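Peer 1: All residue numbers for the sequence shown refer to our numbering, where the first residue is 2 and numbers rise by one.
Beta carbons are placed, not taken as given, at the ideal position from N, Cα and C, and that holds for glycine.
All values derive from a computational prediction rather than experimental measurement.
Below are the structure tokens for one structure; questions will follow.
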Amino acid sequence: MHPPESTKRSRLAGWRGEALRMGLLLALLLVFRSSFANHYVVPSGSMQPALQPGDRVLVDMRAYGWRLPLGGPVVWPADAPREGDIAVFASPHDGTRLIKRIVALPGQRVAVRDGRLWVDGRSRAVPGPRALDIVGTQAVELDMSHGGGPELPDMVVPAGHALVVGDHRGNSFDGRQFGLVPLSAFRARALGVYWRRGEGLAWHRLTQH
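And the structure:
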């Protein structure tokens, strides 16, 4: 015995309603992930010791301006990128999403010598046994186990651009190779590591104040 037509129509309406609700939910999740907060999985050791390969990093998608979903244009401006930020951006080399530290901003004269940062003619190296550079308002620990990496001669960062460099100076493909990054290419600021191999759920804060 087949169910009456009214029952079939009722079931079909229920399935359509459920599909509509699921579609709306997925759309809301997409908007949230694309425009507010997301996570980034660190693919390499180029930002060691701050970031380890496999780290899950919480990033603020609103930090540099609220964008339309899927990498659309900025519709609500926010903070400008800051010296010392660990930022996610589109590589000017091939468009790949990368995560590096912003070390110089427009108008600053910058160089990298023996892996150490020089800004406006002054070394940012902190004296002592540990490899520390002052970047922005913080002392950043560097990984020099593979040497200092490529040199960067003195240059003045032009308007609308920034220099990014990995903390693992001898093991990072960064602005010393692919050049300066347009400020408009920065997509998110890293807030902290929430999962790390060997630790599981954890919280390692990355933002500066």
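1) Alpha carbon to alpha carbon, what distance is there between Asp134 and Met156?
2) Locate the alpha helix (DSSP H) running through Gln178, then write down its first and last residues.
3) Ignore the nearest five residues each way along the sequence and tell me which others in Glu152's own chain have a CB closer than 7 Å to its CB.
4) Grab the span of the beta strand (DSSP E) containing Val127 for me, first residue to last.
5) Using 8 Å as the cut-off, can you tell me whether the stretch 78 to 88 makes contact with the stretch 176 to 189, which would need three or more C-beta pairs spanning the two stretches below that distance?
6) How many Å lie between Ala160 and Asp61 at the Cα?
7) Please go through the stretch 159 to 206 and give each complete beta strand (DSSP E) segment of 3 or more residues, from N-terminal end onward.
8) If you check the beta carbons only, do Val194 and Lys101 fall under 7 Å apart?
9) My assumption, with CB atoms under 8 Å, is that Ala163 sits in contact with Pro82. Please give the rounded CB distance.
10) Using a threshold of 7 Å, state whether the C-beta atoms of Glu142 and Pro50 are closer than that.
11) Count the other C-beta atoms from every protein chain shown that fall within 10 angstroms of the C-beta of Glu200, then say buried if there are 16 or more, exposed otherwise.
Peer 2: On the basis of the coordinates in this document:
1) 19 Å
2) 176 to 179
3) Val113, Arg114
4) Note, Val127: premise wrong, no beta strand (DSSP E); not H, not E.
5) yes
6) 24 Å
7) 162 to 166, 187 to 197, 201 to 206
8) no
9) 6 Å
10) yes
11) exposed
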